[in-house]
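To start, the structure itself, in structure tokens.
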Amino acid sequence: MLSTYTYPKFEYVCPPEVAEQRSGHYPVVIVGAGPVGLSMAIDLAAQGQQVLLLDNDDTVSIGSRGVCYAKRTLEVLDRLNCGAPAVEKGVSWNVGRTFFGDGEVFNFNLCPQEGHQRPGMVNLQQYYLEDYLVARARQLPNLEMRFKNNVISVEQDDAQATVRVETPDGAYTLTTDWLVAADGARSPIRTMLGLDIEGKIFMDRFLIADVVMKADYPAERWFWFDPPFHRNQSVLLHKQADNVWRIDFQLGWDADPEAEKKPENVIPRIQAMLGDEREFELEWVSVYTFQCRRMGRFNHNRVLFVGDAAHQVSPFGARGANSGIQDTDNLAWKLKLVLDGKAPAALLDSYSAERCYAADENIMNSTRSTDFITPKSNVSKAFRNAVLELAQDYPFARALVNSGRLSVPSWLVDSPLNTPDSDAFTGNMVPGAPMDDAPVSGSRTGWLLGAMDTRFQLLYYVEDASQISAAQAQALAALAHDRIGVQAVVVAKTGAAPHGLLTLLDTQGSIAQRYDLQPGTCYLLRPDQHVAARWRSFDAARVRAAVARATGNAAASA
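Numbering (the numbering used here), first residue to last: 446 to 1003.
Spelled out as structure tokens, the structure:
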């Protein structure tokens, strides 16, 4: 098979614990150097936390694997300084098309609203993303990566976790205040601790074929139900970097996985789809079944589960890697506050609660997609086909077509970390909502989210920033000196705020429109760019109370 990518081999270095015949201790140990584990490690290390990352391999993932990275995930990667290379290398797209038989049923646009930095999706082979994340990790002096270090046992008590690690030079023992398990769907750590994961396995098989070819197809997602080249089944086509195209063929449960992966069986399927005149070469082939399941909770004493170790979904909707990286976005700032003694360990319960909610949302959508794509009875198939036929002419039926509801961030509107509204607002930016981006002047990136970082921040809106009084500016600036500092960010139509306050100019009025801003309006934003609270006027006491609530300190504050 042709290869368009040269796999790196990361150097194994004998750990000092082995060389010096001793045990070691690290505040945070992360197991698994896939996209999720790397994102978690980078996020914590960029905040100044010492981190040890262990992986049992010495290269990136083999095969393209995860392909689609959603807008919200790209925004998280931007905050980690990893988004730009992924977008530059990958294939950006917003439009998806759904076909039934020979004809197009309908199409959709993931990002119909203009004024956002990132597209709805970027297609990029997982090995590239991991490569970029490793390069970023190496820039952080307080992040140590150890390859060919395999965790073989885990024990824990109320104070710490104890990890036994095997290497080519022998085994050693580590203790850690917090162990983050990002060790994948089969999660050896989950098994070592005797923890369950519940859900269901879907009785179907799909063939993944990564094909290298030059084609003038647009950068769109194409999904076929019952196409003439693969009758009674479904097919999915995506473009990736390096002229690699991902093709998924539904096979049915009775298919022999080993036989279906053989080139003599794969190539005829692709020729039937593309035509005999289209030249192509195979790069990677795999057959998979899928499941939708999750752990009952994601935090277990001193061990925290993220990504596929905590939850799994079918690939329809690109909810796997995207939800895993969003797990780390939710967890890292909370864990850092706990490590710094600025929040109780109970704050980590909110990680489990919020991300279990997100996992349930993903599982629900993924299950519905799978049931529509792979109907299990003649009645459900007849219903599915009737919906597809109606969808060509009737908009109401298009809402029922489900070829994979694509990944979007969860709206944490019921989170106990939110401060409920006490003032009237319109629009979508309710407490718990993920922030909308917008173009600005005054940010190094030219975008609102580009001015956000891993602190709590308070957006304060005025029409002319230069008219803020010195006393008001001092009160806003004083928030940064609290135990849990809050950076005030002035949003205005014109002017510059006094007292050195960061000022963002709403050049197109997009922030005012999307956040329903009036002079004096404030938004308290969490480090993971979810809205924590909002008010029509600034009151430092209310801001501090909302920060206490959002960090699990409300009881202590009261």
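Ideal Cβ placement from N, Cα and C applies to all residues, glycine included. Note that the coordinates shown come from a computational prediction; the quantities given were computed from them, not determined experimentally.
Where residue i falls, given that 16 or more other Cβ within 10 Å makes a residue buried
i        : result
Lys-779  : buried
Met-809  : exposed
Leu-447  : exposed
Ala-1003 : Because Ala-1003 carries a pLDDT of 41, less than 50, the predicted location of this residue cannot be relied on, and no value is offered for it.
Asp-785  : exposed
Gly-528  : buried
Tyr-452  : exposed
Met-718  : buried
Arg-676  : exposed
Arg-666  : buried
Phe-735  : buried
Gly-765  : buried
Ile-642  : buried
Pro-633  : buried
Asn-554  : exposed
Val-915  : Reading the sequence as shown, one finds Ala at residue 915 and not Val. It counts as exposed.
Asp-547  : exposed
Ile-770  : buried
Asp-500  : buried
Val-934  : buried
His-926  : exposed
Ile-956  : buried
Tyr-662  : exposed
Asp-687  : exposed
Pro-854  : buried
Per DSSP, the bridge partner or partners of residue i
i       : result
Lys-684 : Trp-690
Glu-709 : In the DSSP output, where bridge partners are listed per residue, Glu-709 has none listed.
Gln-695 : Phe-651
Ile-956 : BP columns for Ile-956 are empty, so no partner.
Phe-601 : For clarity, residue 601 is Gln in the given sequence; the question names Phe instead. Gln-601 is bridged to Ala-606.
Met-566 : Ala-515, Trp-538
Gly-548 : Phe-545
Tyr-617 : Val-610
Glu-533 : DSSP, once it has assigned bridges, lists no residue as partnering Glu-533.
Leu-894 : DSSP lists no partner for Leu-894.
Thr-948 : Val-935
Asn-554 : Val-540
Gln-495 : Looking at the DSSP assignment, Gln-495 forms no beta bridge with any residue, so it has no partner.
Thr-886 : Before going on, a small fix: residue 886 reads as Ser here, not Thr. According to DSSP, which records beta bridges pairwise, Ser-886 is partnered with Leu-950.
Leu-624 : Val-474, Val-748
Pro-879 : His-975
Gln-757 : Arg-738
Val-832 : Bridge partners of Val-832: none, in fact.
Endpoints, alpha helix (DSSP H) assigned at residue i
i       : result
Asp-488 : 480-491
Leu-904 : Per DSSP, Leu-904 belongs to no alpha helix (DSSP H); it is in the beta strand (DSSP E), 901-906.
Gly-734 : Reading the sequence as shown, one finds Thr at residue 734 and not Gly. Run containing Thr-734: none; DSSP gives neither H nor E here.
Leu-969 : Careful: Leu-969 lies outside any alpha helix (DSSP H), inside the beta strand (DSSP E) at 967-970.
Val-858 : Careful: Val-858 lies outside any alpha helix (DSSP H) and carries neither H nor E.
Val-976 : That residue, Val-976, is in no alpha helix (DSSP H); its beta strand (DSSP E) goes 976-980.
Asn-767 : 765-784
Glu-465 : Careful: Glu-465 lies outside any alpha helix (DSSP H) and carries neither H nor E.
Asp-576 : 571-582
Span of the beta strand (DSSP E), counted from its first residue to its last, around residue i
i       : result
Val-934 : 931-937
Lys-645 : 642-646
Cys-513 : 513-515
Met-590 : 588-592
Arg-666 : 666-670
Thr-636 : Not the beta strand (DSSP E): Thr-636 falls in the alpha helix (DSSP H), residues 633-637.
Pro-472 : 469-476
Phe-817 : That residue, Phe-817, is in no beta strand (DSSP E); its alpha helix (DSSP H) goes 792-818.
Presumed contact (8 Å Cβ cut-off) between residue i and residue j, rounded CB distance
i       : j       : result
Asn-847 : Phe-817 : 4 Å
Arg-591 : Leu-497 : 7 Å
Ala-937 : Thr-948 : 6 Å
Lys-759 : Cys-737 : Looking at the sequence itself, residue 759 is Ser, so the reference to Lys does not match. About 6 Å separates the two Cβ atoms, so the contact holds.
Leu-749 : Ala-626 : 7 Å
Ser-797 : Asn-744 : 5 Å
Phe-725 : Leu-696 : At roughly 20 Å, the Cβ-Cβ gap does not stay under 8 Å, so Phe-725 and Leu-696 are not in contact.
Whether or not the region 629-642 and the region 596-614 are in contact is what I'm after, with contact meaning three or more pairs of Cβ atoms, one per stretch, closer than 8 Å; do they touch? yes
Below 8 Å, how does it come out for the region 889-904 and the region 965-985: are there three or more Cβ pairs, yes or no? yes
Quick one: any contact between the region 482-499 and the region 834-845, if contact means 3 or more CB pairs under 8 Å? no
Taking contact to mean at least 3 C-beta pairs separated by less than 8 Å, is the region 623-632 in contact with the region 745-758? yes
Pairs of beta-carbons, one from the region 582-589 and one from the region 701-708, closer than 8 Å: are there three or more? no
Evaluate the contact criterion for the region 516-534 versus the region 562-581: three or more CB pairs, one atom per stretch, below 8 Å. yes
Stretch pair the region 678-687 + the region 656-670: three plus CB contacts closer than 8 Å: yes
At least 3 beta-carbon pairs within less than 8 Å: the region 646-657 vs the region 610-618: no
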